[in-house]
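K.L.:
Here's a structure for you.
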Amino acid sequence: MMGSLFALGGIRYADRFALAWIVAMTGLRVAMILTNHGHFWLFQLLLMPLFGNLFIAGMMLYRLHSGRKNQATWIALLAAGLYSSFGRPDWATITPTIYFCVNAAFIGAVYLATTRLALTNRALVWLGACSYSLYLLHDAVFMIAGHSLLAIAVAIMLAQFSRAYIERPAQLWARGKNA
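Residues in the sequence shown are numbered consecutively from 13, following this note's numbering.
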């Protein structure tokens, strides 16, 4: 839906389209909760009512970073974060409150990543360097070890191992081969 709006020349108004999506999906999510309907796969695929807000948060953070911000951008970012309070009933066994807090923390972390402060913090730079491996491995670790602080620590350690012994050597090999 958002893609078609952008194709029609609406990229300048991404924040307004994002707000419209959030308002529409909020109404639909309330209806889904009240009627226990709306979990049809095509509906989920096309409108992404369960996680589209995270894409919107990313778009709004990009607008802030690139200097295209206005009041609607900030409102859309705030609304995208608040939308997380619906939770993820399809797979998460965590409460909507925890889901909201985690999403708000991640949105805040991405915002901080656009500042110089984040780029001078060695721990954040290190975590960012192994974030792709963390993205690939976290789900498997959580399936095996459960959702706990230990599982988070194991996922981060495995991501660092993957970064050091798989990703980095493969990148160096590819650069040498293409040079």
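Glycine included, every Cβ here is placed at the ideal spot set by N, Cα and C.
The model shown is predicted, which means the values in this text are computed figures rather than measured ones.
For Ala30, tell me which candidate among Gln56, Pro61, Phe112 and Trp185 has the shortest Cα-Cα distance.
P.N.:
The residue with the shortest Cα to Cα distance from Ala30 is Pro61.
K.L.:
Would you identify the three-state DSSP class for Thr51, choosing helix, strand or coil?
P.N.:
A small fix is needed here, since residue 51 is His in this sequence, not Thr. Here His51 sits in coil by DSSP.
K.L.:
Less than 8 Å separating the beta-carbons of Met72 and Leu59?
P.N.:
For Met72 and Leu59, no; Cβs fall outside 8 Å.
K.L.:
Enumerated in chain order, which unbroken segments of the alpha helix (DSSP H) with a length of 4 residues or greater are wholly contained in the stretch 52 to 132?
P.N.:
If we require 4 residues or more, the alpha helix (DSSP H) runs fully inside the stretch 52 to 132 come out as 53 to 59, 64 to 78, 83 to 95, 108 to 125 and 128 to 132.
K.L.:
Helix, strand or coil: how does DSSP classify His159 here?
P.N.:
Coil at His159, not helix or strand.
K.L.:
Under 8 Å between C-beta atoms, does Gly64 make it to chain C?
P.N.:
Of the chains in the structure shown, none is chain C; there is only one protein chain.
K.L.:
On a CA-only basis, which of Ile68, Pro181 and Ser160 is nearest Ala84? Give me that one, please.
P.N.:
Ranking Ile68, Pro181 and Ser160 by Cα distance to Ala84 puts Ile68 first.
K.L.:
Smallest Cα separation from Ile87: which of Ala176, Gly158, Asp27 and Tyr177?
P.N.:
Of the candidates Ala176, Gly158, Asp27 and Tyr177, the one whose C-alpha sits nearest the C-alpha of Ile87 is Asp27.
K.L.:
So the candidates are Leu131, Gly93 and Thr132; which of them puts its Cα closest to the Cα of Cys113?
P.N.:
Cys113 has its Cα closest to that of Gly93, out of Leu131, Gly93 and Thr132.
K.L.:
Measuring alpha carbon to alpha carbon, tell me which residue in Phe55, Tyr74 and Ala171 is nearest Ala141.
P.N.:
Nearest of Phe55, Tyr74 and Ala171 to Ala141, Cα basis: Ala171.
K.L.:
Alpha carbon to alpha carbon, what distance is there between Ser143 and His51?
P.N.:
One C-alpha to the other measures close to 31 Å.
K.L.:
Can you name the start and end residues of the alpha helix (DSSP H) that Arg24 belongs to?
P.N.:
From DSSP, Arg24 is part of no alpha helix (DSSP H); its letter is neither H nor E.
K.L.:
With a 10 Å radius around its C-beta and 16 neighbouring C-beta atoms as the bar for buried, classify Ile110 as buried or exposed.
P.N.:
Exposed, since its Cβ has fewer than 16 Cβ neighbours within 10 Å.
K.L.:
Could you compute how far the alpha carbon of Asn133 sits from the alpha carbon of Asp151?
P.N.:
The alpha-carbon atoms of Asn133 and Asp151 are separated by roughly 26 Å.
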